[in-house]
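Let me begin by presenting the structure, written as C-alpha cells, before commenting on it.
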DNA sequence: TGTCCATATTGGTCAGGCCAGATTGGAAAG
DNA sequence: CTTTCCAATCTGGCCTGACCAATATGGACA
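Chains as they are written, first to last, in UniProt numbering: chain A, 1 to 250; chain Z, 1 to 250.
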C-alpha cells in the first residue's frame, strides 16, 4: 500500500517516518487524530514493532505527534513547525544574503552597547583567524559573528545568527565549494573583520552596520566568483573526458 | 554506574539519551570518539537493546552522533549545535525585538520586489484578521508576516521569520500572557497591518521598513503594558491572600 | 437511563536471534 | 621483516514473541 518500502536505501525507520510525515502533510490525518496502533502500523508497513516505534520517536522529536502511554499516538501538527534551518535545503547564497541583512543591523545595535572587554575578545578572535589552522580559523570566524550578536544581549538574535551559520555547513551545495574557495574565503578576510572591530570600538552604529554589510557582501561576491570558477573547471573536465573518450576526433 | 536509572519518570530512552547527552557535554567522550556498542550500552544501563537504539536515534536526530552501519556510533558534536529556537527559553520580548530588527529590513526589501498579486494576498490576510475567530486571526497574522518574508524570495529569511514566530508560542513566559493581552494584542492592530500593505504597495522601501518597525514596536509596548498590568494584579492577589490569612491584622 | 466493572487494546520494555557488512588480527607469502 | 590477504569477530539493522500496567470500551446490572 505505502510506497515506503519501494526505495531500499537508508534505515527503515527513516523511510517509514518520512512516509508518515508525507501522510500528515497531505492531509491523510488531521490534527488530534490518532494514528493506528503500533501493531497495526507494523502490519501495514510489514515491519516489526520496534521499527515503527523508532519512526514514531523521530516524528515525536519533530514535534509532529505526541504519544500518550496506553492510549495511542496523536497528531499535534501537520508539518515540522519552525523546524531547524539546517534540515531544509537553503542555498548558501540565500543564507549569506540573510546574514548580510540581519547581521548588519545587529552590528549596528552592538556598537551602541559594546564594552571594552568585548572589544578585546573580538580582537583576540581576529588573531585566531590568522592561525594557519583552517579549522581553528573557521571556528574563530563563527565565534566572532556570534559574539557580536551576543553583545546585543538578545538571545533570539544570537540563536538566529548561530543557526544561519551552522545551516551553511549542512548545505549540500556548499559542500561542493570546499577546499580552495573555503581556504581563500576566510584567511584574507581578517582585515575586514578588523574593520568591523574598529567600527564597534568607535561606538558608531552606522559605521559598524556598514562594515558588517560590506564584509558579508564581499563574502558573497567571493563565493559567487568561486562558484563560477568551479563551474568552468567542471565544464572543462567534462570536455576533457569526452575528448578522451572520443580520442581520435579531438 | 550512571545515575540515569535514578529518576523513574519519562520514557526510558529519553532518560538514557539525556544521560548520554550529559556525558557528551561534560567531556566523557570527545568528537569522533566511538560510543560503546549498542550491546555494551544495553548492559551498562541494564536495559534492552531496542531501548538503547531509541536513545541513539534521539541523539542522532539532535545531530550529536552519527551511526555508521556495522561500525559503531560516533560523536560528531558535544552539544546540540544550532538547535531549534523553540527548544530554548527565549523570552517573548527578545523574540519580538529580534523580529522588529529583522522584519523591518525584510519589509524594506520586499517593497522593492512585491507584485500586485502579492499585495492582494496580503490585503486578504488583513481581512482575515478582522475575523471574530481568534485562532483564524492569529493564523492570518502569522501568514501575513511570513508572506512578506516570502516576497524576498529568500527561504532563509522566510524560515527565520517563521521560526521566530513559532518560538513565541512555546515560550513559557508567553503562556502567562494569554487571554486578554493576546486578544487585545491582535485585533486592534489590523490598521497597522494595513499601513504596512499600503507602504509595500507604494514600493517605497523606507516607508515599508518604518511601518513594520513601528508595528512591532507597538506590539512590544502593548505586551509590556499587559505584563505590567498582570504583575500588578498578581501582586494585589498576593496581598489579598496575605490579608485573608492574617485577617485580623488588616 | 445511568453506573460500574471485566475485558480488549495500547504503549513500554525485555529477551534472544539472524543477517550482512565492516573490522581486525594473524597467518601465509614475498 | 614487511606486505598481502583471509577468516573469525564485532557491529548495527531488523525480526519474533512475550509480559506488564494503564487506558478505553462495551455490556451487564442497578
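Glycine is no exception: its CB is placed at the ideal position from the N, C-alpha and C atoms.
Would you check if the distance between the CB atom of residue 100 of chain A and the CB atom of residue 216 of chain A is smaller than 8 Å?
Taking the first chain and counting its residues from 1, one reaches residue 100 of chain A at position 100. Taking the first chain and counting its residues from 1, one reaches residue 216 of chain A at position 216. Cβ distance < 8 Å, so residue 100 of chain A and residue 216 of chain A count as in contact.
Taking the alpha helix (DSSP H) that residue 54 of chain Z falls in, what are its first and last residues?
For the purposes of this step, residue 54 of chain Z is taken as residue 54 along the second chain, with counting starting at 1. Counting along the chain, the alpha helix (DSSP H) containing residue 54 of chain Z begins and ends at 49-61.
Taking all protein chains shown into account, decide if residue 109 of chain Z is buried (16 or more other Cβ within 10 angstroms of its Cβ) or exposed.
Here residue 109 of chain Z refers to the residue found at position 109 of the second chain. Label assigned to residue 109 of chain Z: buried.
Could one say the Cβ of residue 65 of chain Z lies closer than 8 Å to chain A's Cβ atoms, at least one of them?
Residue mapping note: residue 65 of chain Z aligns to position 65 of the second chain, counting from 1. Under the Cβ distance rule, residue 65 of chain Z does not count among the residues neighbouring chain A, no pair being separated by less than 8 Å.
Would you identify the three-state DSSP class for residue 5 of chain Z, choosing helix, strand or coil?
The residue given as residue 5 of chain Z occupies position 5 in the second chain. Note that residue 5 of chain Z scores a pLDDT of 36, beneath 50, so its modelled location is shaky; the value from the coordinates is reported in the next line. DSSP places residue 5 of chain Z in helix when its eight states are reduced to three.
How far does the alpha helix (DSSP H) with residue 13 of chain A in it reach, from first residue to last?
In the first chain, counting from the first residue as 1, residue 13 of chain A sits at position 13. Per DSSP, residue 13 of chain A belongs to the alpha helix (DSSP H) from 12-25.
Return helix, strand or coil for residue 34 of chain A, following the three-state DSSP convention.
Here residue 34 of chain A refers to the residue found at position 34 of the first chain. In this structure, residue 34 of chain A counts as strand in the three-state DSSP scheme.
Cutting at 6 Å between CB atoms, please list the residues of its own chain near residue 208 of chain A, excluding the five before and the five after it.
One-based indexing of the first chain puts residue 208 of chain A at position 208. The answer, listed in chain order, is 107, 108, 111, 199 and 200.
Three-state secondary structure (DSSP) at residue 203 of chain Z?
Stepping through the second chain from its first residue, residue 203 of chain Z is reached at position 203. Residue 203 of chain Z falls in the coil class under three-state DSSP.
Please tell me whether residue 78 of chain Z has its Cβ less than 8 Å away from any Cβ of chain A.
Against the second chain, residue 78 of chain Z aligns to sequence position 78. It does not; no Cβ of chain A falls within 8 Å.
Are there 16 or more other CB atoms within 10 angstroms of the CB of residue 4 of chain Z, so buried, or fewer, so exposed?
Counting from 1 along the second chain, the entry for residue 4 of chain Z is found at position 4. Legend: pLDDT at residue 4 of chain Z = 39, less than 50; position of this residue unreliable, value from coordinates given subsequently. So residue 4 of chain Z counts as buried.
Just reading off the beta strand (DSSP E) that residue 66 of chain Z is part of, what are its end residues?
Translated into the one-based positions of the second chain, residue 66 of chain Z becomes position 66. Segment 65-68, the beta strand (DSSP E) holding residue 66 of chain Z.
Using 8 Å as the limit for Cβ to Cβ distance, is residue 90 of chain A near chain Z?
Taking the first residue of the first chain as 1, we reach residue 90 of chain A at position 90. So, interface residue.
Tell me which residue opens and which closes the beta strand (DSSP E) that residue 72 of chain A is part of.
As a working mapping, residue 72 of chain A is identified with position 72 in the first chain. 72-75 is the extent of the beta strand (DSSP E) around residue 72 of chain A.
Would you please verify whether the beta carbon of residue 160 of chain Z is less than 8 Å from any beta carbon of chain A?
If you number the second chain from 1, residue 160 of chain Z lands on position 160. Judged by the 8 Å Cβ criterion, residue 160 of chain Z is in contact with chain A.
Determine the direct distance from the alpha carbon of residue 75 of chain A to that of residue 65 of chain A, and round the result to whole angstroms.
Here the question's residue 65 of chain A lines up with position 65 in the first chain. Here the question's residue 75 of chain A lines up with position 75 in the first chain. Between residue 65 of chain A and residue 75 of chain A, the C-alpha separation is close to 4 Å.
Report the neighbours of residue 154 of chain A on chain Z: residues whose CB is nearer than 8 Å to its CB, in chain order.
In the first chain, residue 154 of chain A corresponds to position 154, counting from 1. The answer, in chain order, is 94, 97 and 98.
Should residue 257 of chain Z be flagged as near chain A, meaning a C-beta pair shorter than 8 Å?
The first residue shown for chain Z is 1 and the last is 250, placing residue 257 of chain Z beyond what the model contains.
Given a limit of 8 Å on CB to CB distance, which residues of the stretch 25-58 of chain A reach chain Z?
50, 53, 54, 57 and 58
Whose C-beta lies closer than 7 Å to the C-beta of residue 25 of chain Z among residues of the same chain, with five residues either side of it excluded?
The count along the second chain starts at 1 and reaches residue 25 of chain Z at position 25. So the qualifying residues of the chain are 78 and 79.
Using beta carbons (cut-off 8 Å, strictly below), is residue 101 of chain A in contact with chain Z?
Within the first chain, residue 101 of chain A is the residue found at index 101, counting from 1. Closer than 8 Å: yes.
Can you give me the C-alpha to C-alpha distance between residue 31 of chain Z and residue 60 of chain Z, rounded to a whole angstrom?
For the purposes of this step, residue 31 of chain Z is taken as the residue at position 31 of the second chain. For the purposes of this step, residue 60 of chain Z is taken as the residue at position 60 of the second chain. Their Cα atoms are separated by approximately 14 Å.
What residue from Z:67, Z:121, Z:195 and Z:55 has the CA that sits closest to residue 34 of chain Z's CA?
As a working note, residue 34 of chain Z is residue 34 in the second chain. Measuring from the Cα of residue 34 of chain Z, the nearest candidate turns out to be Z:67.
Judging by CA-CA distance, which residue of Z:12, Z:93, Z:55 and Z:14 is the nearest neighbour of residue 226 of chain Z?
As a first step, residue 226 of chain Z must be located in the second chain, where it is residue number 226. Out of Z:12, Z:93, Z:55 and Z:14, Z:93 has the C-alpha closest to the C-alpha of residue 226 of chain Z.
From residue 157 of chain A to residue 149 of chain A, what does the alpha carbon distance come to, in whole angstroms?
In the first chain, counting from the first residue as 1, residue 157 of chain A sits at position 157. In the first chain, counting from the first residue as 1, residue 149 of chain A sits at position 149. Spanning the two alpha carbons is a distance of roughly 6 Å.
What does residue 61 of chain Z touch in chain A if you count any residue whose Cβ is under 7 Å from its own?
Numbered from 1 along the second chain, position 61 holds the residue referred to as residue 61 of chain Z. Listed by position along chain A, the residues whose Cβ is nearer than 7 Å to that of residue 61 of chain Z are 58 and 61.
Does the Cβ-Cβ distance between residue 147 of chain A and residue 125 of chain A come in under 8 Å?
Numbered from its first residue, the first chain carries residue 147 of chain A at position 147. Numbered from its first residue, the first chain carries residue 125 of chain A at position 125. It is a contact, given that the beta carbons lie within the stated cut-off.
Runs of 3 residues minimum, wholly inside the stretch 128-166 of chain A: which ones carry the beta strand (DSSP E) assignment?
Taken in chain order, the complete beta strand (DSSP E) segments of 3 or more residues contained in the stretch 128-166 of chain A number zero; there are none.
Mind checking which residues open and close the alpha helix (DSSP H) that includes residue 99 of chain Z?
Numbered from 1 along the second chain, position 99 holds the residue referred to as residue 99 of chain Z. Segment 92-111, the alpha helix (DSSP H) holding residue 99 of chain Z.
Under a three-way DSSP split, which group does residue 232 of chain A fall into?
What you label residue 232 of chain A is simply residue 232 of the first chain in a count that begins at 1. Residue 232 of chain A falls in the helix class under three-state DSSP.
Can you give the Cα-Cα distance for residue 118 of chain Z and residue 40 of chain Z, rounded to whole angstroms?
For the purposes of this step, residue 118 of chain Z is identified with residue 118 of the second chain, where counting begins at 1. For the purposes of this step, residue 40 of chain Z is identified with residue 40 of the second chain, where counting begins at 1. Cα-Cα distance, rounded: 58 Å.
Would you kindly check if the distance between the Cβ of residue 193 of chain Z and the Cβ of residue 113 of chain Z is under 8 Å?
Taking the second chain and counting its residues from 1, one reaches residue 113 of chain Z at position 113. Taking the second chain and counting its residues from 1, one reaches residue 193 of chain Z at position 193. No, the pair does not count as a contact, with Cβ atoms beyond the cut-off.
Please work out which residues of its chain come closer than 7 Å, Cβ to Cβ, to residue 13 of chain Z, disregarding the five sequence neighbours upstream and downstream, and give them in chain order.
Stepping through the second chain from its first residue, residue 13 of chain Z is reached at position 13. Same-chain partners within the cutoff: 51, 54, 55 and 58.
Would you kindly work out how many angstroms separate the C-alpha atoms of residue 262 of chain Z and residue 168 of chain Z, rounded to a whole number?
Residue numbering for chain Z in the displayed model covers 1 to 250; residue 262 of chain Z lies beyond these limits and cannot be assessed.
Would you say residue 164 of chain A lies against chain Z (beta-carbon separation less than 8 Å)?
Numbered from 1 along the first chain, position 164 holds the residue referred to as residue 164 of chain A. Chain Z, which has a Cβ nearer than 8 Å to the Cβ of residue 164 of chain A, makes this yes.
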